Amino acid sequence: MTTTTETPTTVRTRQTAAGKKPPRRQREGAAWVFLSPWVLGAAVLTLLPMAVSLYLSFTDYDLFNPPQWVGLRNYTQMFTEDPRYWRSVVATLTYVVIAVPLQLGLALVVALALKSMRRGRAFYRSAFYAPSLLGASMSIALVWRAIFNDGGTVDNLLGTGGWVNQPGWALFAVALLTVWQFGAPMVIFLAGLQQIPGELYEAAAVDGASRWRQFLSITVPMLSPVIFFNLVLQTIQAFQVFTPAFAISAGKGGPADSTLFYTLYLYDRGFVASHMGYASAMAWVLLLVIGAVTAVLFRTSRSWVFYASEGDR
Amino acid sequence: MTATAAVLALCAALAGCSGSGDSVGGGKVVLRYTWWGNPDRAARTEEAVALFEERNPGVDIQTSFSGYDAYKQKLATQAAGGDAPDVMQLDYRMIDQYASGGVLLDLAKQKSALSTADIDKGLLATGVVDGKQYAIPQARGTETTAYDAKQWKASGVELPREGWTWSDWADAMRALAKETGKPGGTDPGQSEDCFEVWLRGQGKDLYTKDRQLGFTADDLAEWWTFTDKLRREGAVSPAGETTQLDGTVENTPLGRGKAISDMNWDAPASGFLALVPGGVTLAPMPSGEDGTPGQYFKPSMFMGVAEDSEHPKESAEFIDFMLNDMDAAKILGATRGIPINAKIREAIGPELKDFDKTIDDYQASLDGDLNAPPQAPPSGDSALQTTFMRDYDQVSYERMSPREAAENYITEAKAELRS
Amino acid sequence: MTTSTAATPAVRKPIAWRRVALHTGCLAALLVMLYPLAWLLATSVKPADEVIASLNLLPSSLEWSNYSTALEGVNEVSVWRLLGNSLFIAGGAVIGNVLSCSLAAYAFARLRFRFRGPLFAFMIATIMLPHHAVLIPQYIIFNQLGMVNTYWPLILPKFLATEAFFVFLIVQFMRGLPRELEEAARIDGAGPFRSFFSVILPLTRPALITTAIFTFIWTWNDFFTQLIYLFSPEKFTLTLALRQFVDASSQSAFGPMFAMSVIALLPIVLFFLAFQRFLVEGMANSGIKG
Chain A
1 MTTTTETPTT VRTRQTAAGK KPPRRQREGA AWVFLSPWVL GAAVLTLLPM
51 AVSLYLSFTD YDLFNPPQWV GLRNYTQMFT EDPRYWRSVV ATLTYVVIAV
101 PLQLGLALVV ALALKSMRRG RAFYRSAFYA PSLLGASMSI ALVWRAIFND
151 GGTVDNLLGT GGWVNQPGWA LFAVALLTVW QFGAPMVIFL AGLQQIPGEL
201 YEAAAVDGAS RWRQFLSITV PMLSPVIFFN LVLQTIQAFQ VFTPAFAISA
251 GKGGPADSTL FYTLYLYDRG FVASHMGYAS AMAWVLLLVI GAVTAVLFRT
301 SRSWVFYASE GDR
Chain B
314 MTATAAVLAL CAALAGCSGS GDSVGGGKVV LRYTWWGNPD RAARTEEAVA
364 LFEERNPGVD IQTSFSGYDA YKQKLATQAA GGDAPDVMQL DYRMIDQYAS
414 GGVLLDLAKQ KSALSTADID KGLLATGVVD GKQYAIPQAR GTETTAYDAK
464 QWKASGVELP REGWTWSDWA DAMRALAKET GKPGGTDPGQ SEDCFEVWLR
514 GQGKDLYTKD RQLGFTADDL AEWWTFTDKL RREGAVSPAG ETTQLDGTVE
564 NTPLGRGKAI SDMNWDAPAS GFLALVPGGV TLAPMPSGED GTPGQYFKPS
614 MFMGVAEDSE HPKESAEFID FMLNDMDAAK ILGATRGIPI NAKIREAIGP
664 ELKDFDKTID DYQASLDGDL NAPPQAPPSG DSALQTTFMR DYDQVSYERM
714 SPREAAENYI TEAKAELRS
Chain C
733 MTTSTAATPA VRKPIAWRRV ALHTGCLAAL LVMLYPLAWL LATSVKPADE
783 VIASLNLLPS SLEWSNYSTA LEGVNEVSVW RLLGNSLFIA GGAVIGNVLS
833 CSLAAYAFAR LRFRFRGPLF AFMIATIMLP HHAVLIPQYI IFNQLGMVNT
883 YWPLILPKFL ATEAFFVFLI VQFMRGLPRE LEEAARIDGA GPFRSFFSVI
933 LPLTRPALIT TAIFTFIWTW NDFFTQLIYL FSPEKFTLTL ALRQFVDASS
983 QSAFGPMFAM SVIALLPIVL FFLAFQRFLV EGMANSGIKG
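Residue numbers (the numbering used here), protein chains in the order written: chain A, 1 to 313; chain B, 314 to 732; chain C, 733 to 1022.
Right, dumping it as structure tokens:
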């Protein structure tokens, strides 16, 4: 899948970067050439539909008849008249707080363990990734329901009763499905670890730094862009969790609304109840909330994320 | 660059397979026909479609199918995008929404191509919205109390019979639980369909003619109190079983071997055969205390034509073929339920085999005893069906009293029906 | 395998017990991790009355007919056709994503241009809107373009870098590369295009491979988009076809559905195994020495 056939040339680092810089306009032109596919896609396939959905959020739209302008009614109804909406908010926040740290922690620990391994790394990497190949398909959801049911494996081992059919436990069963599929962040961590130049560790070892010291002063800062990426993306995705809960609860978000996550309820409103205006309003509220959380993450990142290229910004 | 070459190859390949959405291909009229079902239904449908194409060389029919849930989502997106297929299969609950949304064609305009002479008038009327025939039912189904014949008989509890009442049913559930140690049946409290049967047994309806609620919070609270009591007694399935129902028979307590009976539609009940070793018998639904039957023959699948179809005449002819043609009927059998066309039902009845025969006999035993079906439910009903289950979850997990949950439901339903 | 170069920190030999503990821990974790997969495999050969109802891992008897039913395909479309369609879509998506996302990422990570900050923020924001909210507008656009029931709606967006996840991923990797690399290339007379292709791209290979792997798997499993945009059965994919075995309104065939899931899993397993080994080639052995 390489996009170039040239071999990487050996690059010599020079003390002074005395080369002539091309004029600003020329460099800016180059940037737009690189961006052109993205600009086209963003304008036609992303911005346009987003604008439409923003408009729909102020309308009553039943999918088939033309949308009717209702101003802020969808928003006020959501916040003041819909107890199920608030149940979905609570369920989603609980899920984010549980699933994100667990999944990222597990992915990082396994990635580090694999990194320090000399033999069998490829085997373990593949095996740990295997669950993530499945996605939250219908078959894996049925397997999950069997394992976490009354008299299923988990019940037999722990004596907790079934998880998928108790309102207090079902959310954990769904979260565990996500955590179980930690392959994506693990692979990203691994790729990040591979990018850290080995010389840094050699130099540190020569200086007599302990492995823990090396971890703190080399691995963590060098990996921080990737840790940050995983944190931001997994948080965004967790706020939008849909498929595992949809598959496990057969679209209902049960039992007793305990896994009725935000996007599940949004889907229910938009496509089952045909209130696409209301669903669009829900989507934009979610966008604002996720946007705020992400902005906070970006702000804190300045103090702990280290970019090797940052020198001349 | 290898990548560029790959892109070019890809573009060529994509271009090669585009453009099949055209309505005229090679001088032929192309109709798109979508429906939901399973591979068996697909095989029989394809065979019937091939026969139609053979007789009408100028028409090419492209078919496509998915499972029911996926189908609903796909059709809604297509219709909203102005891209509804020419001929589509519709459910009872979809008609009002699709008709009032201007998606469906008034089939009276195609009367010459599409005959409805042999279809029961009461059932035909279920496809009428605001005086226009937007869809035509293909088959009929009715609810049934399906039970594990071997276990029920072995328990010594009196078998269900026609005309049994809801209190007879409740007594049977209790007795079964006592004798077998398993709940007698699925908790019907979650099912809007069962509630409707119970309501109709009292002479009431889910919806009035002007598409408002036909019952009060008192009715619903009474129903949920009734089922919730049985659940607490262990006579019907516990909350943890009930909440896992997803519409497939495999996930019902009866299908999982956790109960003796299940209330379901007759056609999917065939799925129990592979799951229940003791065999399955179909019994009628319980009636009201004065013997008023609550169940009715429900048109199980409709066919409709898109309002903006470029070939309404050919579409109507195709529907006519699927509904009224004897050769088509022989191919299709009971794959969409027992045919609604009386002549065809009489002709193919004796040829039906296995469970199709069981269903046909079951329906024949009820023929003439049931009241006419209600008109198609208002469009809000597809959302309310899920709301009904969700609110009952609150009851069966003992988070709300039946009364609280019922009032909740009424509030939600009124909001849903207002819009 | 380049494990020796990659593990350079261990100049001192690690003590044997650490290795033993590490492997024991990993194996124990794997046992738990792979249990549901074993369940999936076992279910695919269970007889009909055990597929859902049984809470035992092992089937009471082996029902291979699930596989023969699945291999017959659905609706007169052979399983090979379905497989070919899935491969075509996933393959096209991989090429599109790797190409377009790396281009956009390079601009965001290493070049200066006006509105870079706001555009980057917008790009991140596009991942925050639940896709159900834009489904219908997108469908209308593709319908207007005459692309419904073709593979365009499934592949074209990937060539236009609409998956901000991957743009952001590659951006993060590119920002981790020292700026002197391009400075040096510039001194050697390379413009932005040459330094992108010959310096930056090779060094971000782990991110590109990651993009390729994820794109392939996620596109393969993306039931929803395929469902909406594909109409003709002969254009269907494995992921669509396996769901055709399940229909709540009639009889379902869960056994063949599970068998089809296993069949659909094999190509992505092979793809992952083929490409995951490139993940280890990072900067550590890409020819840069200080």
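Glycine residues also receive a C-beta, built at the ideal position from the N, C-alpha and C atoms. Only a predicted model underlies this, so the values are computations on that prediction, with no experimental measurement involved.
Margin query: Please state the DSSP three-state secondary structure of lysine 890 of chain C.
Written below: Lysine 890 of chain C falls in the helix class under three-state DSSP.
Next item on the list: Per DSSP, which residues does phenylalanine 215 of chain A bridge with? Please list them.
Entry: Looking at the DSSP output, phenylalanine 215 of chain A shares a beta bridge with no other residue.
Check: Going by Cα to Cα distance, which pick from C/Leu886, C/Pro938, C/Ser834 and C/Ser800 is closest to asparagine 817 of chain C?
Finding: Looking at the Cα atoms, C/Leu886 is the closest of the given residues.
Checklist line | DSSP bridge partner residues for asparagine 577 of chain B (one or two, in chain order) | finding: DSSP lists B/Thr457 as partners of asparagine 577 of chain B.
Checklist line | Test: glycine 334 of chain B CB closer than 8 Å to a CB of chain C | finding: Residue confidence for glycine 334 of chain B is low, a pLDDT of 42 falling below 50, so the modelled location carries little weight; the figure read from the coordinates is stated next. Yes, its Cβ sits closer than 8 Å to a Cβ of chain C.
Check: Can you find at least 3 beta carbon pairs, one from the stretch 872-890 of chain C and one from the stretch 28-40 of chain A, that sit closer than 8 Å?
Finding: As far as the Cβ criterion goes, the stretch 872-890 of chain C does not touch the stretch 28-40 of chain A, which means the pair count is below three.
Item checked: Beta-carbon proximity list for leucine 102 of chain A, same chain, < 8 Å, skipping 5 on both sides -> Excluding sequence neighbours, leucine 102 of chain A sits near Ala175 and Val179.
Next item on the list: Identify whether glycine 206 of chain A lies in helix, strand or coil by the three-state DSSP scheme.
Entry: In the sequence on display, residue 206 of chain A carries valine and not glycine. If DSSP states are grouped into helix, strand and coil, valine 206 of chain A belongs with the helices.
Notebook entry, point to check: Would you call proline 663 of chain B buried or exposed, if buried means 16 or more other Cβ atoms sit within 10 Å of its Cβ?
Noted result: Exposed, by the Cβ-count rule.
Margin query: Tell me which residue opens and which closes the beta strand (DSSP E) that tryptophan 169 of chain A is part of.
Written below: In this chain, tryptophan 169 of chain A is not harboured by any beta strand (DSSP E), its DSSP state being neither H nor E.
Next item on the list: Below 8 Å between beta carbons is the criterion; list the residues of the stretch 140-162 of chain A that meet it against any residue of chain C, in chain order.
Entry: Going along the stretch 140-162 of chain A in chain order, one finds Ile140, Leu142, Val143, Trp144, Ala146, Ile147, Asn149, Gly151, Gly152 and Thr153 with a Cβ nearer than 8 Å to chain C.
Margin query: Any C-beta of chain B within less than 8 Å: which residues of the stretch 169-191 of chain A qualify?
Written below: Within the stretch 169-191 of chain A, no residue has a Cβ that lies closer than 8 Å to any Cβ of chain B.
Margin query: Could you tell me the alpha carbon to alpha carbon distance between tryptophan 69 of chain A and serine 57 of chain A, rounded to whole angstroms?
Written below: Each residue's Cα considered, the two are about 9 Å apart.
Notebook entry, point to check: Going by alpha carbons, who is nearest to glutamate 808 of chain C out of B/Gly394, B/Ala421, B/Pro352 and B/Pro398?
Noted result: Ranking the options by Cα distance to glutamate 808 of chain C, first place goes to B/Pro352.
Checklist line | Positions along the stretch 683-698 of chain B whose CB lies within less than 8 Å of some CB in chain A | finding: Answer set for the stretch 683-698 of chain B: Ser692, Gly693, Ser695 and Ala696.
Notebook entry, point to check: If you draw a straight line from the alpha carbon of phenylalanine 123 of chain A to that of alanine 113 of chain A, how long is it in whole angstroms?
Noted result: Each residue's alpha carbon lies about 13 Å from the other.
Checklist line | serine 410 of chain B: contacting residues in chain A (beta-carbon distance under 9 Å) | finding: The displayed chain sequence assigns glutamine, not serine, to residue 410 of chain B. The answer, in chain order, is Asp62, Leu63, Phe64 and Ser274.
Checklist line | Contacts that leucine 970 of chain C makes with chain B (C-beta to C-beta distance below 7 Å) | finding: In chain order: nothing, as chain B lies at least about 14 Å away.
Note to self: When you compare the CB of arginine 125 of chain A with every CB in chain C, is at least one pair closer than 8 Å?
What the structure shows: Chain C, which has a Cβ nearer than 8 Å to the Cβ of arginine 125 of chain A, makes this yes.
Check: When you check each C-beta in the stretch 969-996 of chain C against every C-beta of chain B, which residues fall closer than 8 Å?
Finding: Identification of residues in the stretch 969-996 of chain C having a C-beta nearer than 8 Å to some C-beta of chain B yields Leu972, Arg975, Gln976, Phe977, Val978, Asp979, Ala980, Ser981, Ser982, Gln983, Ser984, Ala985 and Phe986, given in sequence order.
Item checked: Reduced DSSP category for valine 752 of chain C - H, G, I as helix; E, B as strand; rest coil -> In the structure shown, valine 752 of chain C sits in a helix (DSSP, three-state: H, G or I).
Next item on the list: Evaluate the contact criterion for the stretch 702-709 of chain B versus the stretch 253-272 of chain A: three or more CB pairs, one atom per stretch, below 8 Å.
Entry: In this structure the stretch 702-709 of chain B touches the stretch 253-272 of chain A; the number of beta carbon pairs closer than 8 Å is three or more.
Check: When burial is assigned at 16 or more other CB atoms within 10 Å of the CB, is aspartate 335 of chain B buried or exposed?
Finding: Model confidence at aspartate 335 of chain B stands at a pLDDT of 43, short of 50, so the residue's coordinates are unreliable; what they give is reported in the following sentence. Under this definition aspartate 335 of chain B is an exposed residue.
Check: Counting only beta-carbon atoms, is asparagine 74 of chain A nearer than 8 Å to chain B?
Finding: So no, asparagine 74 of chain A is outside the interface.
Note to self: Check this for me: beta carbons of aspartate 481 of chain B and serine 550 of chain B, under 8 Å apart or not?
What the structure shows: Going by C-beta atoms, aspartate 481 of chain B is not nearer than 8 Å to serine 550 of chain B.
Next item on the list: Leaving out five residues on either side along the sequence, give the residues of the same chain with a beta carbon under 8 Å from the beta carbon of isoleucine 932 of chain C.
Entry: So the list reads Tyr838, Arg842, Met906, Leu909, Leu913 and Glu914, once near-sequence residues are dropped.
Margin query: What does the alpha-carbon distance come out to for the pair alanine 785 of chain C and glutamate 360 of chain B?
Written below: Whole-angstrom Cα-Cα distance: 34 Å.
Notebook entry, point to check: Mind pulling the chain C residues with CB within less than 7 Å of glycine 41 of chain A?
Noted result: Under the 7 Å cutoff, chain C gives Pro889, Leu892, Ala893 and Thr894.
Notebook entry, point to check: Between the stretch 938-957 of chain C and chain A, which residues of the former have a C-beta closer than 8 Å to a C-beta of the latter?
Noted result: Listed by position, the residues of the stretch 938-957 of chain C near chain A (Cβ gap below 8 Å) are Pro938, Ala939, Leu940, Ile941, Thr942, Ala944, Ile945, Phe946, Ile949, Trp950, Asn953 and Phe955.
Notebook entry, point to check: So, helix, strand or coil for glycine 371 of chain B, using DSSP?
Noted result: Glycine 371 of chain B: coil per DSSP, three-state reduction.
Item checked: 8 Å contact criterion, which glutamine 904 of chain C and phenylalanine 229 of chain A should meet: CB distance rounded -> The pair is a contact, with the Cβ atoms about 4 Å apart (cut-off 8 Å).
Check: What is the rounded straight-line gap between the Cα of leucine 509 of chain B and the Cα of glutamine 234 of chain A?
Finding: Per the sequence shown, the amino acid found at residue 509 of chain B is glutamate instead of leucine. In a straight line, the C-alpha of glutamate 509 of chain B is about 45 Å away from that of glutamine 234 of chain A.
Check: Quick one: does proline 924 of chain C have its CB under 8 Å from some CB of chain B?
Finding: So no, proline 924 of chain C is outside the interface.
Check: Going by the CB atoms, is the gap between methionine 614 of chain B and alanine 452 of chain B shorter than 8 Å?
Finding: In contact: alanine 452 of chain B and methionine 614 of chain B (Cβ atoms closer than 8 Å).
Note to self: glycine 41 of chain A and threonine 943 of chain C - do their beta-carbons sit closer together than 8 Å?
What the structure shows: No, the Cβ-Cβ distance between threonine 943 of chain C and glycine 41 of chain A is not below 8 Å.
Next item on the list: Spell out whether any CB of chain A is found under 8 Å from the CB atom of tyrosine 710 of chain B.
Entry: Interface residue, yes.
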